[in-house]
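Peer 1: Mind looking over this structure? Questions follow.
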Amino acid sequence: MDGMSKDGHNARRWQAWQGLALIAWFALLVGCAGERTQSSLHPAGPAAALIAELWWFMFAVLSAVFVLVMSIAAWAVFRRRMDPAKGPAVGNRFIAAGGIALPSVVLLAMLIYSLSTTLSLRMPETKLTIEVVGYKWWWDVRYPDQGLVTANEIYVPVGEPVRLELTSNDVVHSFWVPQLHGKVDMLPGQVNALWIQADEPGVFRGQCAEYCGRQHARMAFHVVALEREAFDAWVAERQPDPAEPATGELQRGRDVFFAAGCNACHAIRGTDADADTGPDLTHFGSRMSIGAGQWPNTAGGLAGWISNPQALKPGNLMPRSYLEPDDLHAIVEYLRSLE
Ligand code: CUA
17 MDGMSKDGHN ARRWQAWQGL ALIAWFALLV GCAGERTQSS LHPAGPAAAL IAELWWFMFA
77 VLSAVFVLVM SIAAWAVFRR RMDPAKGPAV GNRFIAAGGI ALPSVVLLAM LIYSLSTTLS
137 LRMPETKLTI EVVGYKWWWD VRYPDQGLVT ANEIYVPVGE PVRLELTSND VVHSFWVPQL
197 HGKVDMLPGQ VNALWIQADE PGVFRGQCAE YCGRQHARMA FHVVALEREA FDAWVAERQP
257 DPAEPATGEL QRGRDVFFAA GCNACHAIRG TDADADTGPD LTHFGSRMSI GAGQWPNTAG
317 GLAGWISNPQ ALKPGNLMPR SYLEPDDLHA IVEYLRSLE
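Residues in the sequence shown are numbered from 17 upward in steps of one, following our numbering.
Here it is as structure tokens:
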């Protein structure tokens, strides 16, 4: 008998260690998960900083409430165990104070704090407006005053608030760059405005935050913050139409682009391709990613994407292309030359 209970004790102790190890592993996973470019707890601009402050305030208050309630509950259980015959330890006054007055004060404080944060997040004066339209499952990005169209990447100048006008072409999406601001819904037929500001140059990952169908999880984008001069240079470099294909190979790539019907969905400024069903490819060669923030924009990745986008992102609207290897090579070279 004695041996049995000792085994049981050991087993329970082993389970406790396993539980602790699991919690430590989760903490490690959550706290140190490599990149922090998509964490609202690592704000990179004033709007996200206000939201993070509110988050920490609520976390602190609610943690205190949790510890308080659990302590009282533990005390009540302990007291009952010591003497089951004991009557209630507290009267109506305690219930009125702890059950009505305290929660009212705590909830009111949090309400006032969040309302004041909302007021502080009002749209400031801005010099730059960018239109972002959600599509299944990518982001159309337009600079109306600069005459630029791009996709899945939003370049902004550092240290300046930028006005974003957000809408959707199909279903409800939600625009969210956790390090720069909270999320805002993108609704078909309505424009919602949001502002973002980055304090330092950097790349901040954004993600659709409203379930929008099969590839919702693969609907990402990046905000790239550049110093003002670098941003102006970025704009200036993109204002002229891309250069004519300089070699026979690039010329062939452009012919393949039209022969394969890519122009039915995509636009390339300076050519006859001006469709807007899919992402604008005018400066595709300088994009960081393909598939809306999914894979690095490499020659191999692009060849795989063009050959069979349905294998990489099932359900997206781009059909397979059945190209001869030489044609595939040429179109990849051509698209990558569009800087
Ligand atoms: Cu778009 Cu989820």
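Ideal placement from N, C-alpha and C gives every residue a C-beta, glycine not left out.
1) Using the C-alpha atoms, what's the distance from G150 back to E69?
2) Closer than 6 Å from C-beta to any heavy atom of ligand 1: which residues, in chain order?
3) If you count every other CB in all the chains shown that lies within 10 Å of the CB of Q255, and 16 or more means buried, which is it?
4) What is the DSSP secondary structure of M202, reduced to helix, strand or coil?
5) Ignoring anything shorter than 3 residues, give me the beta strand (DSSP E) runs that lie fully in the segment 94 to 137, in order along the chain.
6) Is W153 buried or exposed, if buried means 16 or more other CB atoms sit within 10 Å of its CB?
7) Is V207 helix, strand or coil when you go by DSSP?
8) How about the segment 222 to 229 and the segment 81 to 90: do they share at least three Cβ pairs that are nearer than 8 Å?
9) If you draw a straight line from the alpha carbon of I146 to that of R158, how long is it in whole angstroms?
10) Quick test of the definition: if touching needs 3 or more C-beta pairs under 8 Å, does the segment 171 to 181 touch the segment 204 to 220?
11) For M17, does the three-state DSSP call read helix, strand or coil?
12) Along the chain, where does the beta strand (DSSP E) containing V356 start, and where does it finish?
13) In angstroms with no decimal places, state the Cα-to-Cα distance between A249 and S120.
14) Using 10 angstroms around the beta-carbon of H299, count the other beta-carbons present and answer buried if the total reaches 16, otherwise exposed.
15) Using three-state DSSP, classify V193 as helix, strand or coil.
16) Output yes or no for whether 7 Å exceeds the beta carbon distance between A262 and A60.
17) One question on the structure: do E355 and E265 come within less than 7 Å of each other, judged by their Cβ atoms?
18) Taking only runs of the alpha helix (DSSP H) that begin and end inside the segment 230 to 287, which ones reach a length of at least 4 residues, in chain order?
19) What do you reckon, are the CB atoms on P177 and T134 nearer than 7 Å?
20) Is Y338 buried or exposed, if buried means 16 or more other CB atoms sit within 10 Å of its CB?
21) For E181, name the three-state secondary structure that DSSP assigns.
22) What do you reckon, are the CB atoms on C281 and G294 nearer than 7 Å?
23) Rounded to the nearest angstrom, what separates P312 and M304 at their Cα positions?
24) Using 10 angstroms around the beta-carbon of K102, count the other beta-carbons present and answer buried if the total reaches 16, otherwise exposed.
25) For F110 and K329, what's the separation of their Cα atoms in angstroms?
26) Quick one: any contact between the segment 122 to 134 and the segment 67 to 81, if contact means 3 or more CB pairs under 8 Å?
27) Pull up the distance between the alpha-carbon of L333 and that of Q326, whole angstroms please.
28) Alpha carbon to alpha carbon, what distance is there between N26 and M17?
29) Quick check: the Cα distance between L186 and E340, rounded to an integer number of angstroms?
Peer 2: In short:
1) Rounded to whole angstroms, E69 to G150 spans 29 Å at the Cα level.
2) Result (chain order): G150, W153, H189, C224, E226, Y227, C228, H232, M235.
3) Q255 is exposed by the Cβ-count criterion.
4) In the structure shown, M202 sits in a strand (DSSP, three-state: E or B).
5) The qualifying runs do not exist here; there are none.
6) It counts as buried.
7) In this structure, V207 counts as coil in the three-state DSSP scheme.
8) Contact between the segment 222 to 229 and the segment 81 to 90 is absent: fewer than three C-beta pairs spanning the two stretches fall below 8 Å.
9) Cα to Cα, I146 sits roughly 6 Å from R158.
10) Flag = yes, the segment 171 to 181 and the segment 204 to 220 touch.
11) Low local confidence applies: a pLDDT of 43 at M17 is under 50, so the model's placement there is unreliable, with the coordinate-based value given in what follows. Here M17 sits in coil by DSSP.
12) Only positions 17 to 355 of the chain appear in the structure, and residue 356 is not among them; the question remains open.
13) Answer to the nearest angstrom: the Cα atoms are 54 Å apart.
14) The residue in question, H299, is buried, as its Cβ has 16 or more Cβ neighbours within 10 Å.
15) Under the three-state reduction of DSSP output, V193 falls in the coil class, being neither helix nor strand.
16) No. Outside cutoff.
17) In this structure, E355 lies away from E265, with their beta-carbon atoms at least 7 Å apart.
18) Fully enclosed alpha helix (DSSP H) runs of 4 or longer: 244 to 254, 264 to 275.
19) No, the Cβ-Cβ distance between P177 and T134 is not below 7 Å.
20) Around the beta carbon of Y338, fewer than 16 other beta carbons sit within 10 angstroms, so the residue counts as exposed.
21) Here E181 sits in strand by DSSP.
22) Contact flag set, yes.
23) Inter-residue distance for P312 and M304 is about 6 Å (C-alpha atoms, whole angstroms).
24) Exposed, since its Cβ has fewer than 16 Cβ neighbours within 10 Å.
25) Going from the Cα of F110 to the Cα of K329 covers about 58 Å.
26) Yes, since at least three Cβ pairs between the segment 122 to 134 and the segment 67 to 81 fall closer than 8 Å, the two stretches touch.
27) Cα-Cα distance, rounded: 9 Å.
28) Reliability of the predicted coordinates at M17 is poor, the pLDDT of 43 falling under 50, and the value obtained from them is presented with this limitation in mind. Separation of M17 and N26 (C-alpha to C-alpha, rounded to the nearest whole angstrom) is 14 Å.
29) The question names Leu, yet the displayed sequence has Asp at residue 186. The straight-line gap from Cα to Cα measures roughly 34 Å.
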